[in-house]
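Visitor: Following my numbering, the numbering of the sequence shown begins with 173 at its first residue and continues without gaps.
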Amino acid sequence: MYQLTLNIPEETALALKLDPDKLRNEVLLAAAMKLYELGKLSSGAAANLAGIPRVLFLSKLADYGVNTFNLTEAELSEDLANA
């Protein structure tokens with residue numbers, strides 16, 4: 173597993189009204205959602221990056237304005253095969 177360190181301005185945490193643990197989770201979720209939206213990660217991989225179950229990840233997409241069912245044919249086939 174890789175470990176990354178980010179320097180986030182205190183103003184950002186204050187503006188978001190988040191303590192460091194919640195800020196970490198929010199940044200991971202936002203990154204995962206954007207990578208999913210860009211088609212760089214599958215929903216399962218994005219959920220893994222965010223550290224949450226895939227079903228919860230999919231349910232949170234609408235909160236961030238990301239289309240839940242923006243699946244490629246390959247992703248849809250993979251999801252059907254895993255169902």
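Even glycine gets a Cβ: it sits at the ideal position worked out from N, Cα and C.
Nothing here was measured: the structure is a model prediction, and the numbers come from that model.
What are the boundary residues of the alpha helix (DSSP H) that P192 is part of?
Guide: Taken as a continuous stretch (DSSP letters only), the alpha helix (DSSP H) holding P192 covers P192 to E209.
Visitor: By DSSP, does S249 sit in helix, in strand, or in coil?
Guide: Reduced to three states, the DSSP call for S249 is helix.
Visitor: Would you check if there are 3 or more beta carbon pairs closer than 8 Å linking the segment 218-226 to the segment 244-251?
Guide: Output reads no: the segment 244-251 does not touch the segment 218-226.
Visitor: Where does Y174 sit, in a helix, a strand or coil, going by DSSP?
Guide: Of the three classes helix, strand and coil, the one that applies to Y174 here is coil, per DSSP.
Visitor: If you compare alpha carbons, which of A217, E209 and A185 is closest to Y170?
Guide: Since the displayed the chain opens at 173 and closes at 255, residue 170 lies outside it and no answer follows.
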